[in-house]
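*Asks:* So the protein lines, in turn, are chains V and E.
Position 43 of the first sequence, counting from 1, maps to 43 under this note's numbering, and the rest follow consecutively.
With the second sequence counted from 1, adding 1000 to any position gets you this note's numbering.
Ideal Cβ positions, reconstructed from N, Cα and C, are used throughout, including at glycine.
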Amino acid sequence: MSPDFVEVWVYLSASPLTALTVTLVAYLAGDWLYQKSGRMPVLNPVLIAVTLITIGLSVTGIDYWTYFEGAQFVHFLLGPATVALAIPVAKLLKEMRRGFGGLCVALACGSLTAAVSAVVIADLLSATTQTVLSLAPKSVTTPIAMGIAERIGGLPSLTAVCVIMTGVIGAMIGPYILDLAKISNWNARGFAMGLTAHGIGTARAIQVNPQAGAFASLAVGLNGLATATLIPILWSLWQWWSGV
Amino acid sequence: MLVAITQLLVCQLIGEVIARGFDLAIPGPVIGMGLLLLILFNRRAIPESLETTAHGILSHLSLLFVPAGVGVVAHLGILGNEWHAILGSLIGSTIITIVITGWILQRMQKGVMDES
Chain V
1 MSPDFVEVWV YLSASPLTAL TVTLVAYLAG DWLYQKSGRM PVLNPVLIAV
51 TLITIGLSVT GIDYWTYFEG AQFVHFLLGP ATVALAIPVA KLLKEMRRGF
101 GGLCVALACG SLTAAVSAVV IADLLSATTQ TVLSLAPKSV TTPIAMGIAE
151 RIGGLPSLTA VCVIMTGVIG AMIGPYILDL AKISNWNARG FAMGLTAHGI
201 GTARAIQVNP QAGAFASLAV GLNGLATATL IPILWSLWQW WSGV
Chain E
1001 MLVAITQLLV CQLIGEVIAR GFDLAIPGPV IGMGLLLLIL FNRRAIPESL
1051 ETTAHGILSH LSLLFVPAGV GVVAHLGILG NEWHAILGSL IGSTIITIVI
1101 TGWILQRMQK GVMDES
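1) Within a Cβ cutoff of 7 Å, which residues of the same chain sit near Y27/V, ignoring the five residues on either side of it in sequence?
2) Looking at chain V, is there any beta carbon in it that lies within less than 7 Å of the beta carbon of L1090/E?
3) Given that P16/V touches chain E, what residues does it touch there, using C-beta distances under 7 Å?
4) Determine the contact status of A228/V and I177/V, defining contact as a CB-CB distance below 7 Å.
5) Going along chain V in order, which residues have a C-beta closer than 7 Å to the C-beta of M1033/E?
6) Which residue from M1108/E, R1044/E and I1095/E puts its Cα closest to that of L195/V?
7) CA-CA distance, S58/V and T141/V?
8) Going by DSSP, what residue range makes up the alpha helix (DSSP H) through N187/V?
9) Using CA coordinates, which residue listed in A1019/E, L1061/E, N1081/E and C1011/E is at the minimum distance from A171/V?
10) Give the single residue among L124/V, T113/V, S126/V and L158/V whose Cα lies nearest to the Cα of L135/V.
11) Consult DSSP for S1059/E and reduce its assignment to one of helix, strand or coil.
12) Please name the residue, chosen from C162/V, G199/V and P175/V, that lies closest to V42/V on a Cα-to-Cα basis.
13) How should E1115/E be labelled, buried or exposed, when 16 other C-beta atoms within 10 angstroms of its C-beta is the threshold for buried?
14) Taking 6 Å as the limit between beta carbons, can you name the residues of its chain near G30/V, skipping five residues before and five after?
15) Of all the options I148/V, A118/V and P232/V, which has the alpha carbon lying nearest to the alpha carbon of L1087/E?
16) Does DSSP put A219/V in a helix, in a strand, or in coil?
17) Smallest Cα separation from L1038/E: which of L78/V, F5/V, K94/V and A197/V?
18) Just to confirm my understanding: we take W235/V, look at its own chain, exclude 5 residues before and 5 after, and list those with CB closer than 6 Å. What are they?
19) Taking C-beta to C-beta, are S1059/E and V1003/E nearer than 7 Å?
20) If I measure Cβ to Cβ from V1066/E and keep anything under 7 Å in the same chain, skipping five residues before and after, which residues do I get?
21) Which term fits N185/V, buried or exposed, when burial requires 16 or more other beta carbons within 10 angstroms of its beta carbon?
22) State the DSSP-derived secondary structure class of S126/V, mapped to helix, strand or coil.
23) So which residues of chain E does A122/V contact, with C-beta pairs closer than 8 Å?
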């Protein structure tokens, strides 16, 4: 290695420019593969990008936090993007005159199912209490989920891992499951994807059908609110029950 | 475009202040989203600049999860010897939740359409 190269490398590995560029290039590569395959859900662009970057980091020996320092500019946009979800939702609710009842029922059942099924399955597979509690809020968007986990005695960092995994799993297998269950209505498909797999599921729904995307955005917002109220209540009820 | 981005950031900032000020479990951006929703409801139409900007950000929503996703891989060790229980729970729960939610809404929407 010539000294010049080392100097350039030292500069590049510390500058946000590299991490940002790498993130965008990896994502574009993932998206290209996904489009090329005829949008096969298994070739999820997030999963491909994450895999490529992880390989890149381990080959070059750059640690995650150095990478994140640059990539945080992309990460930061999650905030404004969450706020921006209000626009498709407002548009949808203005156009929709009927069917609010159905949405509320689907929301309540979905929110309850997401939390209870995760807890019950983990418990049956003999996970520790802390892990079980960390899994409960796995279907809501990361910041809400971490807040809930902290409140009920789960491990917030483990919850973050579970939330992202749920998103990727949902985006990958969701469309196949919906086909198998003969759910063809775009509103129902979008709502189910958003409720189960939060922003990652929504991203997929938006790409497939705008109407499904709007219902998915609606589901992310509503499920965030529903789960943030529901889980702490369920948790205190359960504590009261087992205390008796 | 610039105005729309500023509007989004202002909503997020207010949401963040409310969340931290009142020590709420709901994160700032979600409160900001609720706030913007209220504002948009009280207007007759959604401003076009806001709609274009939102569409721009949301059409690449999955890109925004990449940095956190790389962090997941870095934290995989946390899954430890419980990974099979966690993975089983995540996959099982995802399938059940998608089917139940989609099925209920499809049934309810069919009811609405049949009536009208």
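*Replies:* On the basis of the coordinates in this document:
1) Answer for Y27/V: P45 and A49, listed in chain order.
2) Chain V contact via Cβ: present.
3) Chain-ordered listing is empty here: chain E has no CB closer than 7 Å to the CB of P16/V, the nearest sitting near 12 Å.
4) Not closer than 7 Å, so no.
5) T82, V83, L85, A86 and G221, listed in chain order.
6) Of M1108/E, R1044/E and I1095/E, the residue nearest in Cα terms is I1095/E.
7) Straight-line spacing of the CA atoms in S58/V and T141/V works out to 28 Å.
8) For N187/V, the uninterrupted alpha helix (DSSP H) run begins and ends at W186 to V208, by DSSP.
9) Ranking the options by Cα distance to A171/V, first place goes to L1061/E.
10) For L135/V, the closest C-alpha among the options L124/V, T113/V, S126/V and L158/V is that of L158/V.
11) The answer is coil: DSSP assigns S1059/E none of H, G, I, E or B.
12) Shortest Cα-Cα distance from V42/V to any of C162/V, G199/V and P175/V involves P175/V.
13) In this predicted model, E1115/E has a pLDDT of only 46, less than 50, meaning its place in the structure is not dependable enough to derive any value.
14) Cβ-Cβ distances below 6 Å link G30/V to P45, I48 and A49 in the same chain, with the five nearest sequence neighbours on each side left out; the list follows chain order.
15) From the listed residues I148/V, A118/V and P232/V, the smallest Cα separation to L1087/E is found for A118/V.
16) It is helical.
17) Checked all of L78/V, F5/V, K94/V and A197/V; the closest Cα to L1038/E is K94/V.
18) Answer for W235/V: I152, listed in chain order.
19) At least 7 Å separates the beta-carbon of S1059/E from that of V1003/E.
20) The beta carbon of V1066/E sits closer than 7 Å to no other beta carbon from its chain once the five residues preceding and following it are set aside.
21) Around the Cβ of N185/V, a 10 Å sphere holds 16 or more other Cβ atoms; the residue is buried.
22) Note: S126/V maps to coil in three-state DSSP.
23) What A122/V touches in chain E: A1085, I1086, G1088 and S1089.
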